[in-house]
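Chains as they are written, first to last, in our numbering: chain F, 1 to 297; chain U, 1 to 297; chain V, 1 to 297.
Report on the structure given below.
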Amino acid sequence: MTVCRPRVITLLTDFGNQDAYVGIMKGVIAGINPFANVVDICHSIPPQDIFSSAYLLYSSYKYFPRKTIHVAVVDPGVGSRRDIVCVETKDYFFLVPDNGLLSYIVQEERPKSIIRLTNSKYFLPSLSSTFHGRDVFAPVAAHLSLGVKPQQLGIKINQLEQLDVPNPVQKKAGRVEGQIIYIDRFGNLITNITKEYLVKGTGGQKPEVRSMKPDAFEKISKEKILSKYDTIETTIGKKRIVGLSKTYTDAKPGEPLVLIGSAGFLEVSINQGNAQKYFKVDKGNKVIIKCNPGTIR
Amino acid sequence: MTVCRPRVITLLTDFGNQDAYVGIMKGVIAGINPFANVVDICHSIPPQDIFSSAYLLYSSYKYFPRKTIHVAVVDPGVGSRRDIVCVETKDYFFLVPDNGLLSYIVQEERPKSIIRLTNSKYFLPSLSSTFHGRDVFAPVAAHLSLGVKPQQLGIKINQLEQLDVPNPVQKKAGRVEGQIIYIDRFGNLITNITKEYLVKGTGGQKPEVRSMKPDAFEKISKEKILSKYDTIETTIGKKRIVGLSKTYTDAKPGEPLVLIGSAGFLEVSINQGNAQKYFKVDKGNKVIIKCNPGTIR
Amino acid sequence: MTVCRPRVITLLTDFGNQDAYVGIMKGVIAGINPFANVVDICHSIPPQDIFSSAYLLYSSYKYFPRKTIHVAVVDPGVGSRRDIVCVETKDYFFLVPDNGLLSYIVQEERPKSIIRLTNSKYFLPSLSSTFHGRDVFAPVAAHLSLGVKPQQLGIKINQLEQLDVPNPVQKKAGRVEGQIIYIDRFGNLITNITKEYLVKGTGGQKPEVRSMKPDAFEKISKEKILSKYDTIETTIGKKRIVGLSKTYTDAKPGEPLVLIGSAGFLEVSINQGNAQKYFKVDKGNKVIIKCNPGTIR
């Protein structure tokens, strides 16, 4: 007898932790597949903040085992005509409202199939108009984890909605304009400027937001970046930070620094402090990278 | 060989997430039944808020698989003479302090037995006076999940404490006075006026707060309500909302609406906004439903 | 065939619940050991607050089953030269940055071995400088749960970093000066004065912070303390509380009391209220215990 590996189902919602919504979804899943391993990615997304959700899902999905079912319910359109889709890629399944939540991910995971959910056989028998997390997402995820095929869930479609994800822009040689796309608990300012963009990106080219797979991390080291840009100068508001650090403790406690964060994006931080408070900035604010023009090849 | 389904134990407490109390309970459970599937319903109940807890437990319990053990520790009387009880219903077990936490549930789940916990054999060997979650609730729940019978836990009693649950009142024909019993993360105002009450309730009758089982949902649709009350007018503070929506997006972003929420109660919301802030109201505040008198049969 | 007990891995971090950091760690663990039972102890530690973490870990670890792997990532020095260590005691494994997180625990659990992690075979293949929770702690914990021996992880060392844990001080006979080491969600003020210290401690002796094992709890009851100190008077700020209560409800709602809390420390509380707000105090503030000098033997 083989004991099967329990399938992982992840949950990312804006339901918060103060109500019972997340627990209810887990109840529905346990009723259908008692062996599923349900893992919370995050439930404290600001209500209906699709951009932050897209970033968080992107920063986490690839650290889960193959065949994980990633469920994201940040869904301002619940009950309206927006679709719910099951997207299968080489390694993962995604179950999301079709509102752009996968905008970052589809840049590095090519969808093998996109199915619009229509088969109510896999929904709860009675469907509310306000809590599809419970009535649609949870039961469908549980059925997927039992081996139901995406094709059984509905109708194949060809395209996903895309967010207008902000990409870094090279205004002129040696000057890249990015913006803050996420701020974490520690006040670290995560920008849309990727490690790869710093190495390969030039003015005219579309910046790439891809290949953050664990085994790709080492390929582009800080050293590689620095071999191209001897000095990197980051301007945020009226403040300037010179150089690229390897870790938070490269700066003195309370001092600002810039590094490549754990998800592969350029990040502005304060060692043992809070960069959001220090710089008084918010998501969407500009971050400008100036590279010593003489050293750009 | 049959691999048994892991039994589900749910936890609902006011312990918050900033201390280790919930984790400790899970440690105790894992030590007794390593295969139990422990699911958090909510731990962010305002300290000692029995009313909110009763609502949350009611809104969630039935979405869990049969034989789930629901543990609720919102317990201002910890260490005093209040009882801890194990209540068995047709499908579930409840382990709660006897302080009214089951007030909504017993209106739809008839207790088969109520046992007052006295058998310290199932408690931790040394019993503190301040943390019964760890010393009593967790180990007893774990033992129940291993097949211990409620009867082994203590002494049968006949009655449970009841909260003075506020019921809607029909002041005169076509005018129902309810109140806000819960406000969720999104600021949605959940009232004590149920879908069923709107359909069946008349002045003299006791309103029913029951039959929210998933398969009962479709039986009373919005259409049914509307066939009875052509127009429903909701007054909250000095503001009036006309009509009953099906889903949040029936109103424009920022606009108020009234719908039947996912737990079956009349709910006042703002599409993509926060109704609590919009109306500046709190739990306990009145919500008045005026139905077009001409259409009431 | 024997179905193995799933090994428990606990997580205590300062990552908060608003980002995906904790979920990512669980993803990494599930990829290596899909049968591990991951339990959250706490993730809401104030950023980089090692003292609170040391207390929370101490108050919880012993309630988990034998062979549990306790992982604590509160790590202001991430990426710097601080070590990550695996500490094995008679019953448990601890995986922590070597920054004093085990300061309370090593007073009661003698380390059998302390290993400094060096074997990158058990890390993620590419190692970031900023997220060792994901790249080191999670994979190493998962490998330990599969039976890897601490000795395989790195190099044996002899000593752990210690925090300067504040101990109570007996200034003169009958007057003990302690301080608040932790404040929980309810505003309960947990001091560094242990039950044991009250019974055994005298002026010159080093206070003991040990032996809180569940089965040791009953050995030192409130009665035993009172037989020594007939009346205990606690001063906090300018307020005085007379007597030692057994449980919160020994005082009237809104009234202050002093008791031995669930982790074995003297605790100042308000029945159904918040002692931190009531006394306007914070961690580190003094708490003075005056015992009726006539009754001290």
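Using N, Cα and C, we set each Cβ at its ideal position, and we do this for glycine too.
Under 8 Å between C-beta atoms, does residue i make it to chain U?
i	result
F64 (chain V)	yes
T118 (chain F)	no
S59 (chain V)	yes
S103 (chain V)	no
A72 (chain F)	no
A20 (chain F)	yes
T249 (chain V)	yes
F15 (chain F)	yes
S113 (chain V)	no
T89 (chain V)	no
Checking 8 Å against the spacing of the C-beta atoms, do residue i and residue j come in under that value?
i	j	result
I180 (chain V)	V287 (chain V)	yes
V22 (chain V)	T13 (chain V)	yes
V39 (chain F)	G27 (chain V)	yes
D98 (chain U)	E196 (chain U)	no
P6 (chain U)	F35 (chain U)	yes
Y248 (chain U)	T130 (chain F)	yes
I114 (chain V)	K156 (chain V)	yes
G100 (chain U)	L163 (chain U)	yes
A20 (chain F)	C42 (chain U)	yes
G254 (chain V)	N271 (chain V)	yes
L124 (chain U)	P139 (chain U)	yes
L117 (chain U)	V96 (chain U)	no
Is the shortest distance between the beta-carbon of residue i and the beta-carbons of chain F less than 8 Å?
i	result
G203 (chain U)	Summary for G203 (chain U): the model assigns pLDDT 37, below 50, so the residue's position carries little reliability, and this model does not support an answer.
Q272 (chain U)	yes
K26 (chain V)	yes
R110 (chain U)	no
L259 (chain U)	yes
I41 (chain U)	yes
S80 (chain V)	yes
P47 (chain U)	no
L56 (chain U)	yes
Would you mind sorting residue i into buried or exposed? The rule is 16 or more other CB atoms within 10 Å of its CB.
i	result
A173 (chain F)	exposed
G284 (chain U)	exposed
V169 (chain V)	exposed
L146 (chain U)	exposed
S120 (chain F)	exposed
N158 (chain F)	exposed
R110 (chain F)	exposed
C4 (chain V)	exposed
R134 (chain V)	buried
D282 (chain F)	exposed
P256 (chain F)	buried
Could you please give the first and the last residue of the uninterrupted beta strand (DSSP E) stretch that includes residue i?
i	result
F186 (chain V)	Premise fails: F186 (chain V) is in no beta strand (DSSP E) and is neither H nor E.
S269 (chain V)	265-270
Q170 (chain F)	169-172
V258 (chain V)	256-260
F93 (chain V)	93-97
K156 (chain V)	154-157
C291 (chain F)	286-291
R116 (chain F)	113-117
N37 (chain U)	37-42
V87 (chain U)	84-88
K239 (chain V)	239-242
List the endpoints of the continuous alpha helix (DSSP H) containing residue i.
i	result
G23 (chain V)	21-32
H143 (chain F)	138-145
K277 (chain F)	275-279
A72 (chain U)	Here A72 (chain U) belongs to no alpha helix (DSSP H); instead the beta strand (DSSP E) covers 69-73.
F51 (chain U)	50-60
Of all the CB atoms in chain V, is at least one closer than 8 Å to the CB of residue i?
i	result
K246 (chain F)	yes
P97 (chain F)	no
N167 (chain U)	no
P6 (chain F)	yes
N37 (chain F)	yes
Less than 7 Å between the CB of residue i and some heavy atom of the ligand HEM, yes or no?
i	result
H143 (chain F)	Only the bare structure without any ligand can be found here, which leaves the ligand HEM out of the picture.
Please name the residues in the stretch 172-200 of chain U whose beta-carbon is closer than 7 Å to at least one beta-carbon of chain F, in chain order. D184, R185, F186
Scan the stretch 115-149 of chain U for residues whose Cβ lies nearer than 7 Å to a Cβ of chain V and list them as they occur along the chain. L124, P125, S126, S128, S129, T130, F131, R134
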